[in-house]
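Numbering (UniProt numbering), first residue to last: 1 to 475.
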């Protein structure tokens with residue numbers, strides 16, 4: 001039996017890709033194992049950051065007598081560098097045909113090619129592959145891939161290609177199935193979900209997905225009506241409204257948005273969509289208009305602030321996270337200070353702070369990388385200190401509140417870990433509740449901690465930290 005090991009780098013889209021990779025491999029008869037025991041080592045790579053490329057080189061130096069396959073968000077320049085270092089470089093969108101390529105590649109040992117016989121059905125659309133979800137209660141659902149924005153620093157348009165939206169009927173059907181299976185958190189994915197647009201091309205499938213205006217959930221029929229017809233164009237806010245009207249006990253979220261496409265209609269979804277959670281990830285990248293222009297972001301710092309104010313007027317308790325790059329070519333101290341000032345003003349709940357690294361083939365790669373590495377590190381550290389303060393102050397507002405939490409895991413120390421509706425991590429003390437014979441959150445009876453995993457439970461927040469909350473389970 002052929003064994004494989006999969007290593008994933010990068011964003012949630014790459015993690016979602018890996019769930020589909022696992023599905024194809026295991027339907028082909030391969031079995032997962034540890035890295036050192038694998039016949040096939042698959043590296044699902046992200047070229048967006050140089051750090052991921054560096055880690056791959058480290059892995060390749062340690063690899064012995066294994067077939068190595070490279071896939072994911074890989075820039076052409078990086079493919080060339082790895083060409084003679086790995087056995088295969090496969091396009092993730094060509095995933096349905098991977099087993100065939102295993103079979104014909106001369107560098108793959110014969111026994112691997114001979115043993116992969118039960119090919120999964122070849123789907124013309126990569127997204128049609130049913131993923132093997134790594135969680136039984138949280139699921140990523142890709143709704144589009146690619147990007148047309150061509151931000152100066154970004155590799156995505158060169159690795160993922162142009163924007164392609166998934167058919168709305170396929171998305172509805174996948175989300176519907178997940179809800180029936182008991183999934184509690186559905187996260188819609190795309191490099192720029194705001195750009196989603198799809199016509200209902202297969203109206204009969206769409207009607208079946210909607211069950212003629214009704215959904216069967218837990219053996220109960222719920223009315224679910226639409227005013228929509230064949231060839232109707234569905235944008236992202238409409239997609240959110242369609243999904244959010246599916247009855248069930250679940251949360252809905254999405255990643256990632258571009259500020260220039262964050263419309264009034266989409267912002268209003270935070271009020272209109274019952275299941276949409278109060279969490280928004282909106283990349284800022286810089287607080288300097290000069291740097292934003294050089295990055296080709298197509299908005300100003302003032303535009304960004306207005307958007308955040310508008311969202312918080314609609315949903316006051318919304319948590320906002322962001323991405324910021326420090327040390328972009330020619331970023332001066334003054335321009336960096338503009339970013340720091342904006343961070344203090346917006347008071348982010350979380351920020352993913354990156355030091356700029358040039359990616360070959362992008363517009364910014366032609367610019368001189370003239371901010372010293374030590375200065376990039378200093379600027380990142382300074383922003384992190386601002387973030388600690390704003391995140392802590394935001395979290396303090398939740399102390400004393402009784403909130404719903406999705407329990408993600410538990411340990412043997414009377415602790416569970418979970419996530420709030422606005423995507424804050426919570427460490428939960430369950431000991432007081434488990435001193436009683438039974439606890440009954442959400443009307444159910446639980447006698448052991450593992451029964452809580454994948455369920456919603458009421459938690460009283462007792463302490464705030466910068467990066468998480470602490471609380472106790474409420475009976």
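Beta carbons: idealized from backbone N, C-alpha and C, even for Gly.
Per DSSP, reduced to three states, the secondary structure at residue 416 is strand.
For residue 80, the enclosing alpha helix (DSSP H) begins and ends at 76 to 82.
Linking residue 52 to residue 72 through their CA atoms gives a straight-line distance of about 12 Å.
DSSP places residue 456 within a strand segment (E or B) once states are collapsed to three. Positions of the alpha helix (DSSP H) runs, each at least 4 residues long and wholly inside the UniProt domain "MTTase N-terminal" (2 to 107), are given as 12 to 27, 50 to 62, 76 to 82, 98 to 104 in order along the chain. Out of 341, 383, 399, the CA that lies nearest to the CA of residue 354 is found in 383. Close CB contacts of residue 18 within its chain, under the 7 Å cut and outside five residues either way in sequence, are with 6, 8, 44 (chain order).
Restricting attention to 49, 67, 15, the CA atom closest to the CA of residue 37 is found in 67.
Take the alpha-carbon of residue 424 and the one of residue 93: they are about 33 Å apart. By the neighbour-count criterion, in which a residue is buried when 16 or more other Cβ atoms sit within 10 angstroms of its Cβ, residue 374 is exposed.
Judged by DSSP secondary structure, residue 371 falls outside any alpha helix (DSSP H); it is assigned neither H nor E.
The alpha carbon of residue 409 has as its nearest neighbour, out of 427, 274, 394, the alpha carbon of 427.
The alpha carbon of residue 69 has as its nearest neighbour, out of 25, 50, 49, the alpha carbon of 25. If only complete runs of 4 or more residues are kept, the region 279 to 325 shows the alpha helix (DSSP H) at 289 to 294, 301 to 314, in order along the chain.
With distances taken between CA atoms, residue 328 lies nearest to 379 out of 55, 379, 4.
Counted as a single uninterrupted DSSP element, the alpha helix (DSSP H) harbouring residue 269 occupies residues 264 to 272. For residue 363, the three-state secondary structure derived from DSSP is helix.
Taking 8 Å as the cut-off, the beta carbon of residue 363 is found closer than this to the beta carbon of residue 296.
Residue 156: member of the alpha helix (DSSP H) spanning 156 to 159, first to last residue. With a beta-carbon spacing of about 5 Å, residue 95 and residue 126 fall inside the 8 Å limit used to define contacts. For residue 255, the enclosing beta strand (DSSP E) starts and ends at 251 to 255.
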